[in-house]
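Here the structure is laid out as structure tokens; the discussion comes afterwards.
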Ligand code: G4P
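In my numbering, the protein residues as written are 17 to 557.
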């Protein structure tokens, strides 16, 4: 199958032609709970694509998580990755853009926004742990955006749960119908290979030394399995019959509609099944498609260049102190140096310093096509959600913001640094690093910082001190959750116990609650009050 697809892709590609270049792009993100194996799988994708010669080159064994995207001092101190990295690599005559979504230790609003730029997601699940909290959260964003999801049951090389039971769990917990494309031969912990349900063949894996090179794969008819494997193969075939009987077969239509999810099994560590998932990204995941603008009109892929900013990052390079805006290309051919218009102001923006980004390394790029991500250096004016275009004007919908879940009160440790503190907060908020809420009665004095991940607070405090010279004290607050509200409801809520009404810098009103119970009570007592989670909804202008 993959050979055929490659041949077709080769025949279709017309270099430099926007439509055919777009058709060979795949832009996706990996979503998972921390430790499920996202980093390992990413690394193995690079190995299979030939982008690295040996696994381990990306992530040094001794200093794990200190490889591709470590650039901030804080990151290095903690040995984690805070920023999303965009990896681009060629595979089977396609150009794959892998957008990295940070895990829970470094979970932030960026994590959500990255999914706005992806056309598909690979959801990695640890076979021993099943669906975990962070997977759920990220999947929810995929659902809101109708992002098709491919599932990878990872770590089958070691003892885990019954895969059939996990299928039920996926369907029950997230309402996504898994349709296994490969099915394990051997139980987790004694994993021999998979049945490829598309061909009925048995793919037997042999481990490579420490998983640093591609796993050896032998594809045979199940009846040719060795006596040693035949019992496990027989059992796997019976289970495949069971899957067919309940209709758990690959179905492209429901997959693309975000209703079912092609499922693959394997082990990123030993490379078992890695190729199947990467092939699925090419063969099953959708390429870039016509993007709908704010008026509901679709912009054709071969229309003049357009794209939107989904992430802004300051000071990636401490020696430059610059700002980098990540732009997802939606239509047309981007050429470095071309002048594009920033829709919000109607002013031109020069793109002389466009780069592609691979962790800390930046390469100048000369051209990009729909699906690609470009980094624009010195993008001080650009904001998250901004549309850029050439020739025909277009405005893409705003990237939704999310109801924050964590709140801290911020105050400069030294009151003489208040100006720096305020300037820093303004810039960090513009960059999307944090949301800033104020109480209309107390004003600017003690704003609340609001986030979806605790790491955002640490990053902001660190940056306020080191970049803006305003050491900041953060104190916790009793609030547990927030809902967006409107002026009429806010007027009813003000002064009520167990909650607080605050205004975000863009004017959005939020009601903060000390407990979910309090919120639910109010919702049932006053069903007409506006108390909404902001996921999926654009913030008001
Ligand atoms: P994350 O990015 O999702 O947080 O997970 P990561 O890839 O860092 O993997 C978390 C741990 O799980 C790592 O072990 C990794 O080696 C292991 N792992 C990933 N995939 C598999 C797999 O298929 N099978 C098994 N058995 N383990 C897997 P660690 O001990 O934390 O780090 P390391 O010292 O092995 O690098």
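A virtual CB, placed ideally from N, CA and C, is assigned to each residue, including glycine.
Starting from residue 520, follow the alpha helix (DSSP H) in both directions and report where the run begins and ends.
In the chain shown, the residue the question calls residue 520 occupies position 504. From DSSP, residue 520 is part of no alpha helix (DSSP H) but of the beta strand (DSSP E) over 515-520.
Check whether the Cβ atoms of residue 296 and residue 320 lie closer than 8 Å to each other.
Within the chain shown, the letter at position 280 stands for residue 296. Within the chain shown, the letter at position 304 stands for residue 320. Their beta carbons are not under 8 Å apart, which means residue 296 does not touch residue 320 by this criterion.
So what does DSSP say about residue 268, is it helix, strand or coil?
Counting from one through the chain shown, the residue named residue 268 turns up at place 252. Reduced to three states, the DSSP call for residue 268 is helix.
For residue 549, which residues from the same chain have a beta carbon less than 6 Å from its beta carbon, with the 5 sequence-adjacent residues on both sides left out?
Counting from 1 along the chain shown, the entry for residue 549 is found at position 533. Excluding positions up to five away in sequence, the list reads 419.
Quick one, which of 514, 54, 252 and 206 has its alpha-carbon nearest residue 175's?
Here residue 175 refers to the residue found at position 159 of the chain shown. The shortest C-alpha separation from residue 175 is found at 206.
For residue 153, I'd like the list of residues in its chain whose CB is within less than 6 Å of its CB, leaving aside the five on either flank, ordered along the chain.
Walking along the chain shown from the start, residue 153 turns up at place 137. Correct list: empty, nothing qualifies.
Where does residue 389 sit, in a helix, a strand or coil, going by DSSP?
Along the chain shown, one-based indexing puts residue 389 at 373. Strand, per DSSP.
Under 7 Å from any heavy atom of the ligand G4P, does the C-beta of residue 429 make it?
Residue numbering aside, residue 429 sits at position 413 when the chain shown is read from its first letter. Residue 429: no, Cβ never under 7 Å from the ligand G4P.
So, under 8 Å CB-CB, residue 252 and residue 201 are touching, yes? Tell me the CB distance rounded to an integer number of Å.
As a position in the chain shown, residue 252 is number 236, starting the count at 1. As a position in the chain shown, residue 201 is number 185, starting the count at 1. Right, their Cβ atoms sit about 4 Å apart.
Looking at residue 368 and the ligand G4P, is the gap between the Cβ and the nearest heavy atom below 7 Å?
Mapped onto the chain shown, residue 368 falls at position 352. Not under cutoff, so the answer is no.
Using alpha carbons as the reference points, say which of 411, 30, 424 and 137 lies closest to residue 313.
Here the question's residue 313 lines up with position 297 in the chain shown. Closest option to residue 313, Cα to Cα, is 411.
When you compare the CB positions of residue 131 and residue 195, do they come within less than 8 Å of one another, or not?
Within the chain shown, the letter at position 115 stands for residue 131. Within the chain shown, the letter at position 179 stands for residue 195. Going by C-beta atoms, residue 131 is not nearer than 8 Å to residue 195.
If you scan the segment 393-432 from start to end, which runs of the alpha helix (DSSP H) of 4 or more residues do you find wholly inside it?
Within the segment 393-432, no complete alpha helix (DSSP H) run reaches 4 residues.
Is any non-hydrogen atom of the ligand G4P found closer than 7 Å to the C-beta of residue 284, if you look at the structure I gave you?
Looking up residue 284 in the chain shown gives position 268. Yes, the beta carbon of residue 284 sits closer than 7 Å to at least one heavy atom of the ligand G4P.
Measuring CB to CB, does residue 305 end up less than 8 Å from residue 405?
Numbered from its first residue, the chain shown carries residue 305 at position 289. Numbered from its first residue, the chain shown carries residue 405 at position 389. Their beta carbons are not under 8 Å apart, which means residue 305 does not touch residue 405 by this criterion.
Measure the C-alpha to C-alpha separation of residue 221 and residue 135 and round it to an integer number of angstroms.
For the purposes of this step, residue 221 is taken as the residue at position 205 of the chain shown. For the purposes of this step, residue 135 is taken as the residue at position 119 of the chain shown. The alpha-carbon atoms of residue 221 and residue 135 are separated by roughly 30 Å.
Tell me which residues share the same chain as residue 484 and place their Cβ nearer than 6 Å to its Cβ, disregarding the 5 neighbours each side in the sequence.
Counted from its first residue, the chain shown places residue 484 at position 468. Closer than 6 Å at Cβ, skipping near neighbours: 436 and 440.
At a cut-off of 7 Å, is residue 51 close to the ligand G4P when judged by its beta-carbon and the heavy atoms of the ligand?
One-based indexing of the chain shown puts residue 51 at position 35. Yes, Cβ of residue 51 sits closer than 7 Å to a heavy atom of the ligand G4P.
How far does the alpha helix (DSSP H) with residue 540 in it extend, from its first residue to its last?
Along the chain shown, read from residue 1 onward, the residue named residue 540 stands at position 524. Here the alpha helix (DSSP H) through residue 540 covers 532-541.
Using the C-alpha atoms, what's the distance from residue 346 back to residue 33?
On the chain shown, position 17 is the one that residue 33 refers to. On the chain shown, position 330 is the one that residue 346 refers to. Those two C-alpha atoms are separated by around 15 Å.
Apart from the five residues on each side of it in sequence, which residues of its chain come closer than 8 Å, Cβ to Cβ, to residue 316?
What you label residue 316 is simply residue 300 of the chain shown in a count that begins at 1. Correct list, in chain order: 306 and 347.
Hey, out of 180, 191 and 504, whose CA is closest to residue 276's CA?
Within the chain shown, residue 276 is the residue found at index 260, counting from 1. For the residues 180, 191 and 504, the minimum Cα distance to residue 276 belongs to 191.
With 16 other CB atoms within 10 Å as the buried threshold, where does residue 464 fall?
Position 448 of the chain shown holds residue 464. Looking at its Cβ environment, which holds 16 or more other Cβ atoms inside 10 Å, residue 464 is buried.
For residue 546, which residues of its own chain have a beta-carbon under 7 Å away from its beta-carbon, when the five flanking residues on both sides are left out?
Counting from 1 along the chain shown, the entry for residue 546 is found at position 530. Excluding positions up to five away in sequence, the list reads 501, 502 and 505.
For the pair the segment 137-145 and the segment 241-257, tell me if three or more CB-CB distances fall below 8 Å.
No, the segment 137-145 does not touch the segment 241-257.
Please determine, among 350, 382, 518 and 166, the residue with the shortest C-alpha to C-alpha distance to residue 294.
As a first step, residue 294 is located in the chain shown; it is residue number 278 there, counting from the start. Of the candidates 350, 382, 518 and 166, the one whose C-alpha sits nearest the C-alpha of residue 294 is 166.
Just to confirm, does residue 124 get its C-beta within under 7 Å of one of the non-hydrogen atoms of the ligand ZN?
No copy of the ligand ZN appears in this structure; the ligands present are the ligand G4P.
Three-state secondary structure (DSSP) at residue 460?
As a working mapping, residue 460 is identified with position 444 in the chain shown. Residue state, collapsed to three classes: strand.
Please report the distance separating the alpha-carbon of residue 93 from that of residue 475.
Here the question's residue 93 lines up with position 77 in the chain shown. Here the question's residue 475 lines up with position 459 in the chain shown. Residue placement at residue 93 is poorly supported in this model, since its pLDDT is 49, which falls under 50; the coordinates are not used for a value here.
I'd like the list of long-range same chain contacts for residue 415, defined as Cβ closer than 7 Å, with 5 residues on each side in sequence excluded.
Against the chain shown, residue 415 aligns to sequence position 399. 129, 132, 326, 400 and 401, listed in sequence order.
Per DSSP, what kind of secondary structure is residue 48 in: helix, strand or coil?
Within the chain shown, residue 48 is the residue found at index 32, counting from 1. Here residue 48 sits in strand by DSSP.
Tell me which residue opens and which closes the alpha helix (DSSP H) that residue 449 is part of.
Indexing the chain shown from 1 puts residue 449 at position 433. Premise fails: residue 449 is in no alpha helix (DSSP H) and is neither H nor E.
Quick check: does the Cβ of residue 174 come within less than 7 Å of any heavy atom belonging to the ligand G4P?
Along the chain shown, read from residue 1 onward, the residue named residue 174 stands at position 158. Residue 174 Cβ: within cutoff of the ligand G4P.
Helix, strand or coil: how does DSSP classify residue 510 here?
Counting from one through the chain shown, the residue named residue 510 turns up at place 494. DSSP places residue 510 in coil when its eight states are reduced to three.
Would you say residue 435 touches the ligand G4P, meaning its beta carbon is less than 7 Å from a heavy atom?
Locating residue 435 in the chain shown gives position 419, counting from the first residue. No, the beta carbon of residue 435 sits no closer than 7 Å to any heavy atom of the ligand G4P.
If you check the beta carbons only, do residue 42 and residue 110 fall under 8 Å apart?
Taking the first residue of the chain shown as position 1, residue 42 is located at position 26. Taking the first residue of the chain shown as position 1, residue 110 is located at position 94. Result yes, Cβ atoms of residue 42 and residue 110 sit closer than 8 Å.
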